[in-house]
Every structure is written in structure tokens, then in C-alpha cells.
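For the sequence shown, this note's numbering assigns the number 1473 to the initial residue and increments by one for each residue that follows. Using N, Cα and C, we set each Cβ at its ideal position, and we do this for glycine too. Since the model is a prediction, treat every value here as computed from it, not as a measurement. Worksheet for the structure shown next.
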Amino acid sequence: MLSGFVTLLLFTVAGEAISAMFNLPVPGAVTGLILLLIWLRVKGGVSDNLQKVSQFCIHYMAVLFIPSAVAIFFMAELLSRQWLPLVLATFVATPVGIVVSGHFMQWLLRRGEKQ
């Protein structure tokens, strides 16, 4: 299980480094996930250790978001000034992101079946 955690950590650090080095508009964590996806495609699958660590992280994801949710209560003034971008991000960008991700996943699955 330790090797799975180290793998996730290495890809996160690599993504942060690449995003900072090339001044990318994408967060380093996202860059790391893209690198991990490419690596898993080249490798041909997910190891048992990486799968166990990933399931563990998903299981406790709600706990990881609690600090962010608590911080919202202390930012009431900022939120009241920035309500329009927040509403647009929530009700427009989120569904668009879900649809695009779903289509991309279907494309990847069809591509994998052809191979």
C-alpha cells in the first residue's frame, strides 16, 4: 500500500513541478493526474497497491473537504460580492465539465475496446 501512496505523491509532485516550470494555467494536481493517466495507459492497468490507496482516498474524500466547507463560513463578505461567478461555476461549468468528462471517458472506453 505504501508503494501506491508513493506513486500518487510522485505524480502530484511531478505535476506541480511541470505546472510551475512551464507556467501552465492548469493546477499542478490536475497535471499530475493527467501524467498518471498517461502512465497507467502505457503500463496497461492499475496495480493492486495503487487501487487500494485510491479507494482509501475516495472513501475519506468527504473528510478532506470539511476544512474547505468550514472556510466558506468565514468568507461571507467575499461570497456576497462574487455571487455571480460562483453561481455560473456551480450551475453552468460543473454540468459542462461532467458532460465533457463523460464523453471523454466513453471515447477512451471505445478506443480501448478496439485495441
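Residue from the options whose Cα sits closest to the Cα of residue i
i	options	result
serine 1526	Lys1586, Phe1546, Pro1557 and Gly1476	Gly1476
glycine 1487	Pro1497, Val1502 and Gly1569	Val1502
Spatial distance of residue i from residue j (CA atoms)
i	j	result
glycine 1500	alanine 1492	8 angstroms
lysine 1586	leucine 1580	10 angstroms
alanine 1489	alanine 1548	33 angstroms
methionine 1577	isoleucine 1544	32 angstroms
alanine 1565	alanine 1534	21 angstroms
phenylalanine 1537	glycine 1517	28 angstroms
valine 1568	phenylalanine 1528	28 angstroms
aspartate 1520	leucine 1496	32 angstroms
tryptophan 1555	glycine 1504	31 angstroms
valine 1572	arginine 1513	20 angstroms
histidine 1575	valine 1542	33 angstroms
phenylalanine 1563	isoleucine 1570	11 angstroms
Test item: CB-CB of residue i and residue j under 8 angstroms
i	j	result
methionine 1473	lysine 1524	yes
leucine 1560	leucine 1551	no
CB contact check: residue i to chain C, cutoff 8 angstroms
i	result
leucine 1581	Protein chain content of the structure displayed is limited to a single chain, and chain C is not contained in it.
Heavy atom of the ligand MN within 7 angstroms of residue i beta-carbon
i	result
leucine 1480	The ligand MN is absent from the structure shown, which contains no ligand whatsoever.
Three or more C-beta pairs below 8 angstroms linking the segment 1505-1523 and the segment 1475-1490: yes
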